[in-house]
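Residue numbers (our numbering): 3 to 351. Notes to accompany the following structure.
And the structure:
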């Protein structure tokens, strides 16, 4: 024992360890690394196998929520009254609708369920793509192709005791007023201005007035969240009382469009070449007949990618990639998992 450094020295004779064995211990072979990596990938994740019976509210489970609901604070609303009844309302009565089960929606479902909301509905018309897996953490490779709403609901229901998430694999426009009227709060995790405006209009149509005075009981609060790269926002809208989506459209970033004259005659960016193939060449050449360009169809994207490369080569433009082509065609907004987590947490509070 070396007392100065507290090290134990073990002496090995040259015959005890062969050089080949020693090197395999210090530097694992590539085959061994590959085997370990495959085992790691195929091993079922701990969070995937957890299932507990509902209704098991163990001691201290909601202590973190009680700190918000049962005591005052410097940042609480002036009209806030701490009460033990608030938690019971949250656990037993409050019904919440989450619109969107993408990057922000997945974080929202997780945060809301862990915060005590037990009656949750989620609406999403999209299916899971392999590109979603790096930031939408309720999904696994085996879920690719399945509806996002259904997979997200199954995950939360299996993971969080007592929580019931009801999925709806539909468009928000497929529901009538009676559907939306049943919720106490509606949370939007959308990436579309059009969808936001439609939801905003629906909630305004649910308002009722008596002698020109707004009935507060008809107000369904809308919490709108959005992210783009490292930027994000979250705000509460009280239809009929505060500025709504249509009142504040200038707060949302405008969609990037390129002048047609630049696209057609003087392209300078790889995006110009992609837009040329999408807007002009696709309807002219009709590579797949009368079929419209589908950003989720790999064959369609590949065709646009190849035409874009040809256009770029003609004008000595570099940077046209398959991924960029897909992003331009689908109008993909850059997403960062940590931004989604921060905004979802802000909304849940």
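Ideal placement from N, C-alpha and C gives every residue a C-beta, glycine not left out.
Annotation: the continuous beta strand (DSSP E) that includes residue 166 extends over 166-170. Between residue 143 and residue 132, the C-beta gap is smaller than 9 Å, which places the two residues in contact. Per DSSP, the unbroken beta strand (DSSP E) holding residue 235 starts and ends at 233-239. Around the Cβ of residue 61, a 10 Å sphere holds fewer than 16 other Cβ atoms; the residue is exposed. For residue 188, the pairing in a beta bridge is given by DSSP as 99, 224. Using a Cβ-Cβ distance cut-off of 8 Å, the stretch 154-173 and the stretch 321-330 are not in contact, since fewer than three pairs of beta carbons, one from each stretch, lie closer than that value. In the structure shown, the three-state DSSP call for residue 79 is coil. Going by DSSP, residue 122 is part of no alpha helix (DSSP H) but of the beta strand (DSSP E) stretching over 121-125. Look at residue 152 here: in three-state DSSP terms it is helix.
Note on residue 147: under 16 other CB atoms within 10 angstroms of its CB, so exposed under the neighbour-count rule. Here residue 230 carries a strand assignment [DSSP, helix/strand/coil]. A Cβ-Cβ contact shorter than 9 Å links residue 241 with residue 208. The DSSP-derived three-state label of residue 215 is strand. If you draw a straight line from the Cα of residue 305 to the Cα of residue 344, it comes to about 38 Å.
Taking the Cβ atoms as the reference, residue 114 lies roughly 6 Å from residue 122, within the contact range of under 8 Å. Contact check for residue 106 and residue 229: beta-carbon distance about 6 Å, within the 8 Å limit, so the pair qualifies. Straight-line spacing of the CA atoms in residue 126 and residue 103 works out to 6 Å.
Shown here for residue 162: same chain residues with a beta carbon closer than 7 Å to its own, the five before and five after excluded, namely 115, 116 in chain order. Residue pairing for residue 129: DSSP places it in a beta bridge opposite 149. With a beta-carbon spacing of about 7 Å, residue 198 and residue 226 fall inside the 8 Å limit used to define contacts.
When 286, 287, 267 are compared, the shortest CA-CA separation from residue 316 is found for 267.
Residue 111 and residue 89 do not touch by the CB rule: their CB atoms are close to 20 Å apart, not below 8 Å. According to the DSSP assignment, residue 278 belongs to the alpha helix (DSSP H) that extends over 272-278. Within 10 angstroms of the beta-carbon of residue 211 lie fewer than 16 other beta-carbons, which makes it exposed. A distance below 8 Å between beta-carbons, with the five flanking residues on each side excluded, links residue 334 to the following residues of its chain, in chain order: 328.
Between the C-alpha atoms of residue 153 and residue 145 there is a straight-line separation of about 7 Å. In this structure, residue 188 lies away from residue 216, with their beta-carbon atoms at least 9 Å apart. Under the 10 Å beta carbon count, residue 336 is surrounded by fewer than 16 other beta carbons and is classified as exposed.
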